[in-house]
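Just so you know, UniProt numbering puts 284 at position 284 of the sequence shown, and the rest follows in order with no gaps.
Ideal Cβ positions, reconstructed from N, Cα and C, are used throughout, including at glycine.
Scroll down for the structure; my scribbles are underneath it.
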Amino acid sequence: MRSASSLHAAIDLGSNSFHLLVVREISGSLQTVARIKRKVRLAAGLNADNQLSEEAMQRGLNCLALFAEQLEHIPFSQIRAVATATLRIATNADTFLSRAHDVLGLPIEVISGEEEAKLIYQGVAQTTSGSDQRLVVDIGGGSTELVTGIGTEATALFSLSMGCVTWLERYFTDRYLTRENFDRAQAAARAEISKVKQTLLAKGWQICVGASGTVQALQEIMVAQGMDEQITLAKLEQLKQRAIQCGKLEELEIEGLTLERALVFPSGLSILLAIFHELSITRMSLAGGALREGLIYGMINLPVDKDIRKRTLETTQQRFSVDLEQAERVKATCSVLVQHVSGSWGLSEYCQQLLFSAAALHELGLAINYRHGPENSAYLIRQLELPGFTPAQKQLVASIVMNQKGNIDLPSLSQQSALPLQQAEQLCRLFRLAVILCSTRTASELPSFHLSAKGNHLALQIGQQWAIHHPYRLELLQQEEHLQSYVHWGFTLTY
């Protein structure tokens, strides 16, 4: 008999990969304790009569045996296993599912395309920030889900019979990456999308997010090549040209593209290009979760917070016993500083929210030690799962936090891709001043000051009486004048 456990698990038997996600709830958020992913390529085992080969079934059963060991002590009521496109159409799916039940010890539910789309949307809604009116795109191995929604409610759900494995076998079967093969794959995908186009456009969206391995691979490529994380049509067309230049699948080499993903990357790319063209999408970002997260959140029933980032910041602060009053003081001071330079630097709401996130998390590292507090904080931000933050946003916040005081590490700011370098530096400069002004950790009023920006130059003027009565903070500001000037950030202090 299985004992009580705080763990929950989701199993996703996809057409390309099988996934296991195991989590536990901590302070209103989820902590991942295990992830297992294996390329099973189940869809590649379908013949012309949609019958799964014994070889493909055995690949799947071998993978499930790995999962079974990880699930030994989790109650069946806290595990949900689902299968998607390939097992929806396989004529001998029952044979595989019976054998899979013997391996796992629990039933596997073959979900409809609509249910899959709904679960994907729930996973995205619970883990992804930004406007809550969104279009979600998930390109799987055997199907592609397109969902519009507002908040946690889907408004249109579609599952199309095209995926990166099936399109590979259908349009790149000769393994040549020719323009003709891409054109055929895109045309076929556009024909599928056209069937649901009008409904999706009528529902509308403000942001578009991708929840597929294809989109994740694209973002990894962009980060590796020093680009920002936003996926655009121009970038997709550029990658298509690069793939065509490589000529063959076996010779596909693109910086940032892993060998594991390379086989199905061109077919996934062709589907995504068709989606961009057919639905007139201008940009797309990576979602924080998808089907597996949708399964988990459906079992745990955590309260839904419209602001995913706010929930993440609050639970992370609680987990590391952050001084909430100090974090709020630094945030409020950042807000005042931003207002002073708004006419010159014009930092957007997006920039400000990232700056305020740095304020919320800048003392995480004190839970480890004081001496290396900023470095520890930055490390934790980079390594923690922070729903609502993209990898690039985490890197930016970590870079600001690491540079909150002392010597300035310019390379860390140039390595992030969430913002142009100049804006990242501007946020860092304001944050450093806010930390100094709040360094006494009291509710004392800010000095009477005037901060102005002209180009790259900052000028801070503080009241003489305040400077006389606050020698420690005056000393820190004087040091800051030298530190910013040393890295050619013009900064003048007068009092």
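Assign residue i to one of three DSSP states: helix, strand, or coil.
i       : result
His-450 : strand
Leu-168 : helix
Ser-285 : strand
Cys-208 : strand
Glu-25  : strand
Gly-406 : coil
Ile-36  : strand
Asn-16  : coil
Glu-153 : strand
His-457 : strand
His-8   : strand
Gln-51  : coil
Gln-230 : coil
Glu-145 : strand
Arg-473 : helix
Ile-254 : coil
Leu-313 : helix
Ser-439 : coil
Arg-41  : coil
Leu-77  : Sequence check: residue 77 is Ser here, not Leu. DSSP places Ser-77 in helix when its eight states are reduced to three.
Gln-225 : coil
Ala-90  : coil
Leu-291 : helix
Thr-214 : helix
Leu-61  : helix
Leu-263 : coil
Thr-494 : strand
Met-1   : The predicted model places Met-1 with a pLDDT of 48, which falls under 50 and marks its position as unreliable, so this point remains unresolved.
Leu-71  : coil
Phe-96  : helix
Ser-270 : helix
Val-487 : coil
By the 10 Å Cβ neighbour count, where 16 or more other Cβ atoms means buried, how is residue i classified, buried or exposed?
i           : result
Arg-134     : buried
residue 506 : A query on residue 506 cannot be resolved here, the shown segment of the chain reaching from 1 to 495 and no further.
Lys-118     : buried
Ser-377     : buried
Gln-416     : buried
Asp-12      : buried
Gln-465     : exposed
Asn-62      : exposed
Leu-421     : exposed
Arg-24      : exposed
Val-487     : exposed
Glu-475     : exposed
Glu-293     : buried
Leu-355     : buried
Arg-179     : exposed
Pro-411     : exposed
Ile-468     : exposed
Tyr-171     : buried
His-159     : Contrary to the premise, residue 159 reads as Ser rather than His in this sequence. So Ser-159 counts as buried.
His-19      : buried
Gly-141     : buried
Leu-66      : exposed
His-482     : exposed
Thr-442     : exposed
Ile-26      : exposed
Check the C-beta distance from residue i over to residue j and give it rounded, since I have them as a contact under 8 Å.
i           : j       : result
residue 515 : Ala-434 : Because the chain here runs from 1 to 495, residue 515 falls outside it and cannot be looked at.
Thr-86      : Leu-157 : Incorrect: roughly 20 Å between the Cβ atoms, too far for contact.
Ser-270     : Phe-182 : 5 Å
Tyr-176     : Gly-247 : 7 Å
Ala-290     : Ala-211 : 4 Å
Thr-127     : Gly-14  : The pair is not a contact, with the Cβ atoms about 18 Å apart (cut-off 8 Å).
Ile-231     : Leu-218 : 5 Å
Gly-256     : Ala-234 : Between Ala-234 and Gly-256 the Cβ distance is about 17 Å, and since that is not below 8 Å, they are no contact.
Met-299     : His-8   : 5 Å
Leu-396     : Ala-418 : 4 Å
Gln-70      : Val-103 : The Cβ separation is near 13 Å, so there is no contact.
Thr-390     : Ser-285 : 6 Å
Phe-96      : Leu-52  : 6 Å
For the 8 Å Cβ check, are there 3 or more pairs between the segment 239 to 252 and the segment 195 to 210?
The segment 239 to 252 vs the segment 195 to 210: no contact.
Using 8 Å as the threshold, is the segment 146 to 165 in touch with the segment 308 to 324, meaning 3 or more CB pairs across them?
No contact exists between the segment 146 to 165 and the segment 308 to 324.
Going along the chain, which unbroken runs of the alpha helix (DSSP H) with 4 or more residues stay wholly within the segment 341 to 422?
Runs of the alpha helix (DSSP H) inside the segment 341 to 422: 349 to 361, 373 to 383, 391 to 402, 410 to 414.
Taking 8 Å as the cut-off, does the segment 73 to 93 touch the segment 104 to 121 (at least 3 CB pairs, one atom from each stretch)?
Segments in contact, yes.
The segment 273 to 281 touching the segment 252 to 264, judged by at least three CB pairs closer than 8 Å
Verdict: no, contact absent.
Which runs of the alpha helix (DSSP H) fall wholly inside the segment 170 to 198 and span at least 4 residues, in chain order?
Inside the segment 170 to 198, DSSP marks whole alpha helix (DSSP H) runs of 4 or more residues at positions 179 to 194, from first to last along the chain.
Can you give, in chain order, each stretch of the beta strand (DSSP E) that sits fully within the segment 99 to 142 and has at least 3 residues?
Counting only runs of 3 or more, we get 133 to 139.
Three or more C-beta pairs below 8 Å linking the segment 355 to 374 and the segment 452 to 468:
Segment contact: the segment 355 to 374 against the segment 452 to 468, fewer than three CB-CB distances shorter than 8 Å; contact not assigned.
I'd like to know if the segment 434 to 450 and the segment 342 to 352 are in contact, where contact means that at least 3 CB-CB pairs between them fall below 8 Å.
Using a C-beta cut-off of 8 Å, the segment 434 to 450 makes no contact with the segment 342 to 352, since fewer than three inter-stretch Cβ pairs fall below that distance.
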